[in-house]
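Residue numbers (the UniProt record's numbering): 1 to 227.
To start, the structure itself, in structure tokens.
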């Protein structure tokens, strides 16, 4: 468990790993607490003529739950994630192609959307796609006594007064997207945003370490025989 020094709030223990899968162009696995999401990126690749766009790549996001077919909630989350990907990836550099992001929920114990965002961001980085900035997801649970839980587990989500998930960029910690549920005052919203922006610094440090490990491992692997 990590503590944000300026807020005193705790981030549940987590991990990120890149390039776990060999077939996709990029992949990542993110865990936060007991919630785990595996992400895979395919593309830029050929796209069906009916979905082709002449000025940019077509982005598709597929969110697969742990079991069963996707429902309304999953489709809503797919739409939100796609908007973030379209806003951060330089899709105009790859017109008439497709970029497909597949997210597989391995375990959902709370703060799922934030974990999906983190896995998506790292998989896009691993695929080498040009981006305006990286992004991360942070979830907050606001409780009746005014306290805030970062990356709440399912029980904390159920007991909370409000749930908020923010997607922040790596440059200025601007909010790229958000999802809220429940009742809260404007001041409480601003407090949760400030807490999330502070926690984002920790998450981007985790990103940095994951990327460093990935390429340190690549560089340390022995090269094949000279031909």
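Backbone N, C-alpha and C define an ideal beta-carbon position, used for all residues, glycine too.
Remember, it's a predicted structure, so these values are computed and weren't measured experimentally.
Taking only the alpha-carbon atoms, compute the straight-line gap between residue i and residue j and give it to the nearest angstrom.
i: residue 113; j: residue 198; result: 19 Å
i: residue 41; j: residue 161; result: 36 Å
i: residue 93; j: residue 193; result: 32 Å
i: residue 19; j: residue 209; result: 14 Å
i: residue 13; j: residue 139; result: 14 Å
i: residue 181; j: residue 173; result: 22 Å
i: residue 118; j: residue 97; result: 24 Å
i: residue 195; j: residue 57; result: 34 Å
i: residue 28; j: residue 124; result: 9 Å
i: residue 185; j: residue 144; result: 12 Å
i: residue 48; j: residue 10; result: 46 Å
i: residue 175; j: residue 127; result: 24 Å
i: residue 109; j: residue 53; result: 38 Å
Which residues in the same chain have their Cβ closer than 7 Å to the Cβ of residue i, if we skip the five residues on either side of it in sequence?
i: residue 82; result: 59, 61
i: residue 74; result: 63, 65
i: residue 21; result: 27, 40
Excluding the 5 residues flanking residue i on each side, which residues of the same chain have their C-beta closer than 8 Å to its C-beta?
i: residue 178; result: 164, 165, 166, 167
i: residue 204; result: 134, 136, 170
i: residue 146; result: 188
Take the Cβ of residue i as the centre, count every other Cβ of all protein chains shown within 10 Å, and call the residue buried at 16 or more, exposed below.
i: residue 71; result: exposed
i: residue 212; result: exposed
i: residue 32; result: buried
i: residue 16; result: buried
i: residue 25; result: buried
i: residue 30; result: buried
i: residue 151; result: buried
i: residue 215; result: exposed
i: residue 120; result: buried
i: residue 130; result: exposed
Apart from the five residues on each side of it in sequence, which residues of its chain come closer than 6 Å, Cβ to Cβ, to residue i?
i: residue 238; result: This structure gives no information on residue 238, because the portion of the chain shown stretches from 1 to 227.
i: residue 36; result: 106, 107
i: residue 86; result: 59
i: residue 80; result: 177
I'd like to know if the stretch 56-64 and the stretch 88-107 are in contact, where contact means that at least 3 CB-CB pairs between them fall below 8 Å. yes
Segments assigned beta strand (DSSP E), at least 3 residues, entirely inside the UniProt domain "Exoribonuclease phosphorolytic" (134-197): 135-142, 148-150, 162-169, 175-182
Of all the alpha helix (DSSP H) runs that stay within the bounds of the UniProt domain "Exoribonuclease phosphorolytic" (15-130), which reach a length of 4 or more residues? 72-88, 112-126
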